[in-house]
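Counting with our numbering, you get residues 12 to 207 for the letters of the sequence shown.
Beta carbons: idealized from backbone N, C-alpha and C, even for Gly.
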Amino acid sequence: MDGLVPAIIQDNETCKVLMLGFMNKEAYETTVKTGKVTFFSRTKNRLWTKGEESGNFLQVVSIKSDCDHDTLLIQVEPVGPVCHTGTDTCWGEKNDEPVMFLKSLQDFISKRHEEMPEGSYTTSLFQSGINKIAQKVGEEAVETVIEATNGTNERLIYEGADLLYHMIVLLTSKGYRLEDLARELQERHSKTWKKH
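So this is what it looks like as structure tokens:
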């Protein structure tokens, strides 16, 4: 393609495909050097850093080549809407997948477990030990049940979020991740699954 390769731009957190652009060698090298996605504009016939006019830059998280080495997948953290029309994606979709935040939260909690920074509530949980963490999960479960049966919907969501957070801390302390629960649920959803 005259030295150009397609570059698929994907939100690192939501996994939504945001746009497609083209890069030549110079655009690729500029992207790697600056950490901001830069394309070769076929209409302007020059390098073009996404956001240079709007301020809606695409901060690079990772760059991967496909199996044939003729397409790039660039995972980014977008700053503002991506499309020139003002929409989140070039397909007019909302770039909003709140459930994907759970992966980011898991990564954050795992990092806390590795680094154990002082003054962090999560660090204090890990330092308190597995019994205390398990007790906290139990407390949050009871509070969630109370809100579900006798409380408000707003408090149910609040306490449910506390329960989920503390459950992720418990899993992490045992060497597991939220993805392990997701895999178990996925397995149970298959037609071949049998209860243990």
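Assigned secondary structure, residue i (DSSP; H/G/I helix, E/B strand, else coil)
i, result
"glycine 162", "coil"
"leucine 31", "strand"
"threonine 82", "coil"
"glutamate 151", "helix"
"aspartate 118", "helix"
"arginine 53", "coil"
"threonine 134", "helix"
"valine 110", "helix"
"threonine 45", "helix"
"leucine 284", "Since the displayed the chain opens at 12 and closes at 207, residue 284 lies outside it and no answer follows."
"aspartate 173", "helix"
"valine 90", "coil"
"serine 184", "helix"
"serine 73", "strand"
Cβ of residue i within 7 Å of any chain B Cβ
i, result
"serine 135", "In the structure shown, chain B cannot be found, because there is only a single protein chain."
Residue i classed as buried or exposed, judged by whether at least 16 other C-beta atoms fall within 10 angstroms
i, result
"aspartate 191", "exposed"
"tyrosine 176", "buried"
"alanine 38", "buried"
"glutamate 151", "buried"
"threonine 155", "buried"
"leucine 29", "buried"
"threonine 42", "buried"
"leucine 136", "buried"
"threonine 49", "buried"
Residue nearest to residue i in terms of C-alpha spacing, selected from the options
i, options, result
"leucine 181", "Glu108, Asn164, Leu83 and Ile141", "Ile141"
"lysine 147", "Glu129, Leu174, Ile168 and Cys94", "Leu174"
"serine 115", "Arg194, Arg188, Gln197 and Lys202", "Arg188"
"arginine 57", "Lys105, Gly32, Ile120 and Ser76", "Gly32"
"methionine 34", "Gln21, Asp22 and Trp59", "Trp59"
"valine 90", "Asp81, Leu84, Thr100 and Ile120", "Thr100"
"valine 16", "Gly171, Gly162 and Leu83", "Leu83"
"proline 92", "Ile74, Val156 and Asp107", "Asp107"
"glycine 14", "Leu113, Val156, Glu129 and Ser52", "Ser52"
"threonine 96", "Thr163, Glu129, Gly62 and Ser201", "Gly62"
"isoleucine 74", "Lys27, Asn23 and Thr98", "Asn23"
"lysine 185", "Ala193, Ile144 and Ser76", "Ile144"
Residue j beta carbon less than 7 Å from that of residue i
i, j, result
"histidine 124", "threonine 54", "no"
"threonine 25", "methionine 127", "no"
"phenylalanine 68", "lysine 44", "no"
"glutamine 117", "isoleucine 168", "no"
"valine 87", "isoleucine 20", "yes"
"isoleucine 120", "threonine 134", "no"
"tryptophan 204", "glutamate 198", "yes"
"isoleucine 85", "alanine 159", "no"
Range of the contiguous alpha helix (DSSP H) that encloses residue i
i, result
"arginine 199", "189-200"
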